Amino acid sequence: MPWNWFLEFKTKIKRINLFEDIDKTNEDDIKNQKIATIIFLILFTISIVALFLYSALTPLTKTVVVEQPSLSDYTQLEEKYSNTLLCTCTSVSNEYDKFISSFTPTFNQVCSSDFVSNEWLNYVNYRSFLEPQYHFTWDFRHSAYGFFAMLRTLCVLAKQTIDDRLISFHSTVLLTENTISEDIFLANINAIRDQFTNASANDFIITLDSVILMGLVNNMVMNRLETNWNLYLYYFYLPNDEFNEAWTSQPYIASENCTDQTSVNCSITTGIYLRKLLNETSSDILWAKYAAELQFEVPGVLVGFFILNAVLQSNLACLYNESCLSKLNTYLNDSLSPFNATPLAVPSSASSLPTINDLAKQLMVDSWQLNSSYQHYFNACNPLTCTYTYSHQFDILFIITTVISFIGGIVTVLMILILPAVKFLRKQVETVNRLLSSSEIVPHETNIDQQAVGDITEQQVSLFVKIKMFLLNLNVFSDPDKNSEWDLYGQRLSTRFFIISIIIAFFILILYASTYSITKTDSINKPSIDVYFTLQDKYPQTLICPCSSTTNEHSQFISFQPTLHPVCHSDFITDNWTNFLMSGGNNEEYRDFRYSNFVFFPTIVSFCQLSLKTINNEIFIFNSTKYVTNSVQEIDLFNSQTQQLIGDMKQATMNSFQLTM
79 MPWNWFLEFK TKIKRINLFE DIDKTNEDDI KNQKIATIIF LILFTISIVA LFLYSALTPL
139 TKTVVVEQPS LSDYTQLEEK YSNTLLCTCT SVSNEYDKFI SSFTPTFNQV CSSDFVSNEW
199 LNYVNYRSFL EPQYHFTWDF RHSAYGFFAM LRTLCVLAKQ TIDDRLISFH STVLLTENTI
259 SEDIFLANIN AIRDQFTNAS ANDFIITLDS VILMGLVNNM VMNRLETNWN LYLYYFYLPN
319 DEFNEAWTSQ PYIASENCTD QTSVNCSITT GIYLRKLLNE TSSDILWAKY AAELQFEVPG
379 VLVGFFILNA VLQSNLACLY NESCLSKLNT YLNDSLSPFN ATPLAVPSSA SSLPTINDLA
439 KQLMVDSWQL NSSYQHYFNA CNPLTCTYTY SHQFDILFII TTVISFIGGI VTVLMILILP
499 AVKFLRKQVE TVNRLLSSSE IVPHETNIDQ QAVGDITEQQ VSLFVKIKMF LLNLNVFSDP
559 DKNSEWDLYG QRLSTRFFII SIIIAFFILI LYASTYSITK TDSINKPSID VYFTLQDKYP
619 QTLICPCSST TNEHSQFISF QPTLHPVCHS DFITDNWTNF LMSGGNNEEY RDFRYSNFVF
679 FPTIVSFCQL SLKTINNEIF IFNSTKYVTN SVQEIDLFNS QTQQLIGDMK QATMNSFQLT
739 M
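Residue numbers (the working numbering): 79 to 739.
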C-alpha cells in the first residue's frame with residue numbers, strides 16, 4: 079500500500095506543469111517546462127522552510143503597558159520581568175509613617191525594675207539622717223539615692239531621646255522615583271532601622287561623654303556628696319599610708335580607671351561602713367572623724383568623682399543576686415520607707431553582667447520591633463502604569479505574516495527566472511554535446527567546427543535581442559481559454575505591471591528590512607570594571623548590570639581620614655605638660671599661670687576628645703548606612719551622589735558638635 083501510494087504520488091508529480099504555455103507545445107518545450115516545474119518546487123520548498131526558520135528564530139522585543147496595576151499585578155510582573163519592569167510612582171516622596179506602622183523599643187529590665195521606682199529611692203534615701211555614720215563618702219547609704227536617681231534619669235533620658243528622634247523619623251521621606259520590589263523595600267527598611275538605632279545610640283553616648291568631659295573642667299568644684307574631693311585627696315594629695323590609716327582600717331584597692339589627677343573615671347565599690355570611735359591620737363581631727371571599717375561590700379555599685387561616671391561603670395552585680403540583696407536589706411532596716419525589691423533576672427545570653435555603660439550604648443534598649451507594610455508603600459507610591467519589555471521567538475502571527483508577505487515575491491521571481499534558465503542551460507548543454515559528437519565523427523572537417531563557432535558567436539550577439547523579445551512576450555497570466563490577440567496583449571501588459579510592482583515592493587521591503595531594528599540581548603558574566611566602562615561607552619542607554627548585593631554600606635566605597643587641628647596633637651594637651659605645670663608646687667594664686675592653666679589645658683583636651691568622638695560617631699553612622707541600588711550606577715551619577723552624601727555628612731558632623739556644646 080505505501081509503495082503504491084508513492085508511485086501514484088510520483089506519477090502525479092511528473093504530470094505537474096506549472097509553466098504550461100499554449101504557444102509552446104512541442105516535446106522540447108514541454109520537457110523544459112517540466113524540468114523548470116521540478117526545480118521550482120524544490121527551490122520554493124527550500125525558500126519556504128528557510129523563511130519559516132528565520133521568522134521563527136528571530137527574537138522579537140515587545141513592550142507592554144499595564145494600566146492601573148494592582149499589587150498582585152506588580153508582584154507577578156516583577157517575578158517575570160524584573161530586569162525591564164518600570165512602574166513610575168505618582169508620589170515620589172513618601173513619609174515613613176505611611177508604611178511603617180510602629181517602631182517600638184523594648185527597654186532593658188533595669189529601666190522597669192524596682193530599682194528605679196520611687197519606692198526604692200525612698201528606701202535608700204538617707205539624706206534626712208544627720209548622724210555622721212550614714213554620710214561616709216564610700217558608704218552605700220551616703221550615695222545610693224543619688225546613684226539610683228541618676229540611673230532612673232538615664233532611663234528617662236534614653237526614652238525621651240528615642241521619642242524625640244521617632245518624631246523626626248516618621249516625618250522622614252523615602253524617595254523612590256519608580257516602584258521598588260518587596261525585597262528592595264525590606265532592604266531599605268532594615269537599613270533605615272539600623273541607621274536609626276545606631277544614630278540614636280551614638281548621639282546618646284556623645285551627650286553623656288560631653289557631660290563627663292565637661293565635668294573635667296569643673297573638677298576643682300566639690301559636688302554635694304564630696305566624692306570627687308575625697309577621692310582626689312585619697313588618691314593623690316596625701317601620702318597613702320598616712321591617709322589609709324586615718325581613713326579606713328585597711329588599705330583600699332584603687333580603681334584601674336584612676337590614672338591621673340585630672341581623671342574623672344576614678345571609682346570605688348560602695349559598701350556598708352561601721353564608724354570607728356574618734357582617734358584621740360590623731361593630730362588631725364578631720365581625718366579621725368572619717369575613720370570607718372568596711373562591714374559589707376555592695377558588688378557592682380560604685381562611687382566615683384561624679385555620679386554619672388560611677389553609674390556608667392557599675393554593673394549592679396549585687397542587685398542580680400538574691401542573697402546579696404537580702405544581706406544589703408539587713409543593713410537598711412532602719413530606713414524610713416521599708417521596701418522589698420525584686421532582684422534583676424540574670425541575662426541568659428550574656429557571659430558576664432553588662433555595665434550600665436554597655437546598656438547606654440544601646441540606648442538602654444534590648445530589642446526593637448519595626449512593623450512595616452509593603453502594601454501601604456505600594457499604595458503610597460500609587461503607580462498609574464507599568465511598562466515592561468520582553469523578547470520571544472516562535473511568534474505564530476509574525477511567522478504567518480512574514481511567510482505570506484514573501485511568498486508572492488518568491489513565486490514570481492522563481493517563475494520568471496527558472497524557465498529561461500532551464501532553456502538556456504539545456505541549449506548550452508546540447509550545443510556542447512553536439513560539438514563533442516561532431517568532433518568525434520568528423521574530426522578532419524574543420525569547416526564544421528568553424529560553423530559551430532560561428533553559431534556560438536551568433537547566439538552571443540543575438541542574446542540581447544532574445545532577452546528583449548522574451549520580456550516583450552512574457553506572459554505569467556496565460557490562459558488556454560483566452561488566446562486572442564487582445565487577450566494576449568492584456569495578459570502581457572498585466573505581466574509588466576505585475577513585475578514592476580514586484581520590483582517596487584521588493585525595494586520597499588529591502589528598505590524596511592534595513593531600517594527595522596531587532597533587539598539583541600547579550601549577557602556577560604562577572605564583568606570587570608574595564609569591561610563595564612567599555613560597555614557603558616558603547617551602550618549607555620541600554621546597559622543594565624544588576625547588582626548581586628543590592629545593599630552595600632558606605633564604608634565599602636567611601637572612606638574618611640579627618641585631620642584634627644594641630645593643637646589636638648601638641649604637647650600642651652599631654653600629661654607631661656600637666657605634670658610640668660604642677661611640679662612648681664601648690665600655688666593657688668588664681669593669677670598664676672600654673673594654677674589657672676591647670677584647668678585651661680584639660681578643657682582643650684576635652685574639646686579635642688569631644689570633637690574626635692563626634693567625628694568618629696558620625697563616621698560610624700555614615701559607614702553603617704546602606705546604599706541601596708538595583709544595578710550599577712553610571713559613574714557620573716555615582717560621583718554626584720557620593721559627593722552629596724559626603725557634603726551632608728560633613729555638615730551633620732559640624733551640627734552635631736555644635737549641639738553638643
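Using N, Cα and C, we set each Cβ at its ideal position, and we do this for glycine too.
Nothing here was measured: the structure is a model prediction, and the numbers come from that model.
Reducing DSSP to helix, strand and coil, say where residue i ends up.
{"i": "Val299", "result": "Confidence in Val299 is poor, its pLDDT being 44 and thus under 50, which makes the residue's placement too unreliable to answer from."}
{"i": "Trp655", "result": "helix"}
{"i": "Thr166", "result": "strand"}
{"i": "Asp608", "result": "helix"}
{"i": "Val143", "result": "strand"}
{"i": "Glu255", "result": "coil"}
{"i": "Ser445", "result": "strand"}
{"i": "His213", "result": "coil"}
{"i": "Leu613", "result": "helix"}
{"i": "Ser572", "result": "helix"}
{"i": "Pro644", "result": "helix"}
{"i": "Val706", "result": "strand"}
{"i": "Pro680", "result": "helix"}
{"i": "Ser63", "result": "Summary: the structure shown does not reach residue 63, with the chain confined to residues 79 through 739, and so no result is reported for it."}
{"i": "Ser772", "result": "With the chain represented from 79 up to 739, any question about residue 772 goes unanswered, as that position is not in the structure."}
{"i": "Thr599", "result": "coil"}
{"i": "Ser413", "result": "coil"}
{"i": "Leu138", "result": "strand"}
{"i": "Leu723", "result": "helix"}
{"i": "Pro624", "result": "strand"}
{"i": "Tyr201", "result": "helix"}
{"i": "Phe185", "result": "strand"}
{"i": "Asn268", "result": "helix"}
{"i": "Ile284", "result": "helix"}
{"i": "Ile485", "result": "helix"}
{"i": "Ile636", "result": "coil"}
{"i": "Glu712", "result": "coil"}
By a C-beta neighbour count over all protein chains shown, 10 Å radius and 16 as the cutoff for buried, is residue i buried or exposed?
{"i": "Phe226", "result": "buried"}
{"i": "Thr135", "result": "Per the sequence shown, residue 135 should be read as Leu rather than Thr. Leu135 is exposed by the Cβ-count criterion."}
{"i": "Met727", "result": "buried"}
{"i": "Phe685", "result": "buried"}
{"i": "Gly378", "result": "buried"}
{"i": "Tyr740", "result": "Residue 740 is absent from the model: the chain starts at 79 and stops at 739."}
{"i": "Tyr132", "result": "exposed"}
{"i": "Pro624", "result": "exposed"}
{"i": "Val645", "result": "exposed"}
{"i": "Leu475", "result": "exposed"}
{"i": "Asn411", "result": "exposed"}
{"i": "Val127", "result": "exposed"}
{"i": "Gln722", "result": "exposed"}
{"i": "Gly725", "result": "exposed"}
{"i": "Val188", "result": "buried"}
{"i": "Asn551", "result": "exposed"}
I need the boundaries of the alpha helix (DSSP H) containing residue i, first residue and last residue.
{"i": "Gln373", "result": "Here Gln373 belongs to no alpha helix (DSSP H); instead the beta strand (DSSP E) covers 370 to 382."}
{"i": "Ile124", "result": "105 to 135"}
{"i": "Lys439", "result": "No alpha helix (DSSP H) holds Lys439; DSSP gives it neither H nor E."}
{"i": "Leu394", "result": "Segment: none, Leu394 is in no alpha helix (DSSP H) and carries neither H nor E."}
{"i": "Ile245", "result": "218 to 249"}
{"i": "Phe456", "result": "452 to 459"}
Closer than 7 Å: is that where the CB of residue i sits relative to any heavy atom of the ligand MG?
{"i": "Ser637", "result": "In terms of ligand content, the structure shown is empty, and the ligand MG therefore cannot be addressed."}
Please list the terminal residues of the continuous beta strand (DSSP E) segment that includes residue i.
{"i": "Thr465", "result": "463 to 470"}
{"i": "Asn172", "result": "171 to 173"}
{"i": "Ile346", "result": "345 to 353"}
Our contact map puts residue i next to residue j with C-beta atoms below 8 Å; I'd like the distance itself, whole angstroms only.
{"i": "Ser169", "j": "Cys459", "result": "6 Å"}
{"i": "Val376", "j": "Thr347", "result": "7 Å"}
{"i": "Thr640", "j": "Ile693", "result": "In the sequence as displayed, the identity of residue 640 is Pro instead of Thr. The Cβ separation is near 5 Å, so the contact holds."}
{"i": "Thr250", "j": "Glu156", "result": "Contact flag wrong, Cβ pair sits at about 26 Å."}
query = Below 8 Å, can you find three or more Cβ-Cβ pairs linking the region 433 to 445 to the region 220 to 238?
reply = Result yes; three or more Cβ-Cβ pairs closer than 8 Å.
ask   = For the 8 Å Cβ check, are there 3 or more pairs between the region 478 to 490 and the region 187 to 202?
value = With a cut-off of 8 Å, the region 187 to 202 and the region 478 to 490 do not count as touching, because too few Cβ pairs lie within range.
query = Just checking, does the region 158 to 170 make contact with the region 185 to 194 on the three C-beta pairs under 8 Å criterion?
reply = Between the region 158 to 170 and the region 185 to 194 there are fewer than three inter-stretch CB-CB distances shorter than 8 Å, so the stretches are not counted as touching.
task = Assess, as a yes-or-no matter, whether the region 137 to 149 is touched by the region 461 to 479 under the definition of 3 or more beta carbon pairs within less than 8 Å.
result = These segments touch.
query = Are the region 110 to 127 and the region 447 to 456 in contact at 8 Å, needing three or more beta carbon pairs?
reply = Touching, no.
key: Touching by the beta-carbon criterion (3+ pairs, under 8 Å), the region 497 to 505 and the region 172 to 186   = In short, these stretches do not touch, since the Cβ pair count stays below three.
task = Answer yes if the region 215 to 230 comes into contact with the region 383 to 392, meaning at least three C-beta pairs across the two stretches below 8 Å, and no otherwise.
result = Verdict: yes, contact present.
ask   = Counting pairs of beta carbons, one from the region 695 to 714 and one from the region 280 to 292, are three or more of them closer than 8 Å?
value = Contact between the region 695 to 714 and the region 280 to 292 is present: three or more C-beta pairs spanning the two stretches fall below 8 Å.
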